[in-house]
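Under full-length UniProt numbering, the first residue of the sequence shown carries the number 1, and numbering increases by one thereafter. All C-beta atoms in this analysis are idealised placements derived from N, C-alpha and C, irrespective of residue type, glycine included. Predicted model, so just to flag it, every value in this text is computed and none were measured. Input: a single structure, listed below in structure tokens.
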Amino acid sequence: MATAVNTGYKQAKNNENLDHIPGSFGWPVIGYTFPLVKDLYGTIDSQYRRYGNISRFGLAGFKGVLLVGPDLYKEIYLDRDKNFSTEMGYMGSLGRFYKGALLLRDHEEHRFQRRMMQTAFKNEAMKGYIDTMGPMIGDAVEQWDKQKDFHFFPAIKQNLLDVAARIFVGLNEDDDRAEKLNTAFLDIANGLMGIVTKELPGTKYRKGKIGERYLRKLFGDLIHERRAGNGIDTFSYFSREKTEDGDYFSDTDIIGHMSFLLFAAHDTTTSALSHLLFHVGQDKALQQRLREEAQGIGKDYLEYEDLENMPLAEAAVKEALRLHPSVMMMQRRTINDCELGGYHIPANTILFLAPQHNHRMEEYWDEPNRFDIDRWLEPRLEHKRHSFSFVGFGGGAHKCIGMHFALMQVKNFLHQFLTRYEFQLAEGFSDKMQTLPLPKPADDLPIVLKRL
């Protein structure tokens with residue numbers, strides 16, 4: 001494979017000339033969108049069993065190639081020849097609202113921008129975050145048993161939005177900008193799923209674009225204030241970071257990263273916790289194991305040093321992410337002609353990667369459809385059978401920069417929640433899972449709480 005020297009790939013149109021690849025693009029325009037929404041795993045597995053690891057595939061107006069299997073994922077994620085563009089892979093979806101975000105940067109540009117964000121996720125910063133996070137989660141959880149007909153998904157979504165506004169942006173709940181920020185964020189999330197992609201009155205897309213402009217103005221207005229202060233919120237860290245030449249990163253770069261961070265960090269953890277409780281709420285023995293681990297900490301709130309003492313919680317959320325990845329479809333686009341799985345792939349071809357299928361392959365996981373946290377622990381360690389059989393946090397240069405933050409948030413939640421309550425799923429709960437716009441239990445996970 002040739003090293004990428006193509007500097008004009010961002011201006012090129014998507015290649016759809018893929019007749020030499022087995023498979024089909026599905027229905028005109030929509031491709032396999034509806035089957036994917038109904039049964040993501042089954043749709044991908046059908047393609048895999050019929051056509052193999054590489055097949056033609058269409059999704060939401062895009063025509064490209066579906067890749068299956070950890071060997072191919074390793075090649076894409078490591079991208080040793082710099083031939084796979086995340087920016088162009090997502091330009092027609094996330095790029096409509098989050099252009100300039102870290103995920104939508106390639107190679108050297110990505111590495112340069114990632115440097116700005118790293119300080120905000122180092123130990124010193126994380127210790128500040130955890131001091132804020134625990135009490136905020138605890139205060140919210142404390143009120144949950146007072147609610148009738150309690151549904152977990154909307155409750156945790158609101159709580160984590162409040163936490164994100166405080167930790168990432170430095171806004172307290174009583175600041176009216178926090179509520180407006182949360183509303184704008186939700187409007188963008190809905191706008192991403194809008195069928196119409198023009199700013200026509202009354203459309204989700206238009207509402208989402210209004211939300212995008214609000215966030216960009218909010219962050220733009222606050223940068224100089226954050227830069228001059230000594231805040232310990234993520235936004236302040238970004239604003240104060242400098243390049244190797246001693247210059248601040250541009251306002252445009254900071255705004256782009258902050259806008260996407262809210263989306264990436266909040267939605268993924270909300271999804272992961274909802275799926276985790278779906279399984280733990282049906283297994284009293286596992287719930288008690290996790291509770292005893294949380295109780296063993298012996299403190300009202302976790303400290304940073306306590307995180308390593310919750311291996312069961314970490315295994316549990318990784319198992320939830322294995323069965324129900326928070327990002328159901330990842331995308332790249334080729335920069336030059338290349339070969340994948342024995343097939344010639346032309347330049348500018350969209351590549352689709354579906355982590356959930358990777359996570360359920362019998363070659364790498366024992367009883368892959370079973371929720372079993374012990375597969376992550378000694379002596380089994382099934383995730384080590386292939387370095388890319390699990391890609392719940394992505395991989396390679398684009399591996400989630402907030403992975404440790406997300407695990408910290410999960411552990412804080414379980415510590416606050418399981419030391420207060422026993423819980424079970426409400427009678428008549430649904431086992432149906434929603435995949436779009438956010439993976440979650442379709443019924444918002446009604447649960448019954450019993451205070452300890």
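Simplified DSSP assignment, three categories, for residue i
i      : result
GLU422 : strand
GLN11  : helix
SER93  : coil
ALA2   : Any reading at ALA2 needs caution, since the residue's pLDDT is 45, under 50, leaving its predicted position unreliable; the model's value is listed next. DSSP places ALA2 in coil when its eight states are reduced to three.
ARG105 : coil
TYR248 : strand
LEU438 : coil
LYS299 : coil
ASP443 : coil
VAL448 : strand
PHE235 : helix
ARG56  : strand
SER46  : helix
SER387 : coil
GLY428 : coil
GLU16  : coil
TRP376 : helix
Residues of its chain near residue i, where Cβ-Cβ distance is below 6 Å and the 5 sequence neighbours each way are ignored
i      : result
MET330 : LEU353
ASN159 : ALA140
ILE232 : GLY128
LYS10  : none
LEU377 : ALA315
SER430 : ALA442, ASP443
Check whether residue i and residue j have beta carbons under 8 Å apart
i      : j      : result
LEU103 : HIS398 : yes
LEU438 : PHE371 : no
ALA294 : THR419 : yes
ASN358 : GLY69  : yes
GLY8   : PHE57  : no
ALA125 : ALA265 : no
GLY170 : PHE235 : yes
LEU425 : GLN288 : no
MET328 : THR435 : yes
LEU381 : TYR421 : no
GLU199 : TYR205 : yes
Cβ shell of residue i (< 7 Å), same chain only, five flanking positions each side left out
i      : result
ILE54  : ILE21, VAL65, LEU67, LEU340, GLY341, TYR343
LEU302 : ILE130, GLY134, LYS411, ASN412, HIS415
ARG240 : ARG227
ARG332 : ILE76, PHE84, SER85, THR86, GLY89, LEU351
TYR32  : GLY26, THR43, PHE57, GLY58, LEU59
ASP106 : SER85, THR86, GLU87
LEU290 : VAL280, LEU312, ALA313, ALA316, LEU414, LEU418
Any non-hydrogen atom of the ligand MG closer than 7 Å to residue i Cβ
i     : result
ARG50 : No copy of the ligand MG appears in this structure; indeed no ligand is present at all.
DSSP beta-bridge partners of residue i
i      : result
CYS338 : ILE345
ILE350 : GLY64, ARG333
GLY229 : Paired residue(s): none; GLY229 is not in a bridge.
LYS242 : TYR248
MET433 : PRO441
SER85  : ARG333
Beta-carbon proximity list for residue i, same chain, < 8 Å, skipping 5 on both sides
i      : result
ILE401 : LEU102, ARG114, MET117, GLN118, PHE121
key: the segment 351 to 370 in contact with the segment 264 to 276 per 3-pair CB rule at 8 Å   = no
ask   = If we count Cβ pairs, one from each stretch, closer than 8 Å, do we get three or more for the segment 304 to 311 versus the segment 409 to 416?
value = yes
task = Specify whether the segment 214 to 222 and the segment 106 to 124 touch according to this definition: at least 3 beta carbon pairs, one from each stretch, less than 8 Å apart.
result = no
ask   = Using 8 Å as the Cβ pair cut-off and three pairs as the minimum, do the segment 432 to 446 and the segment 149 to 165 touch?
value = yes
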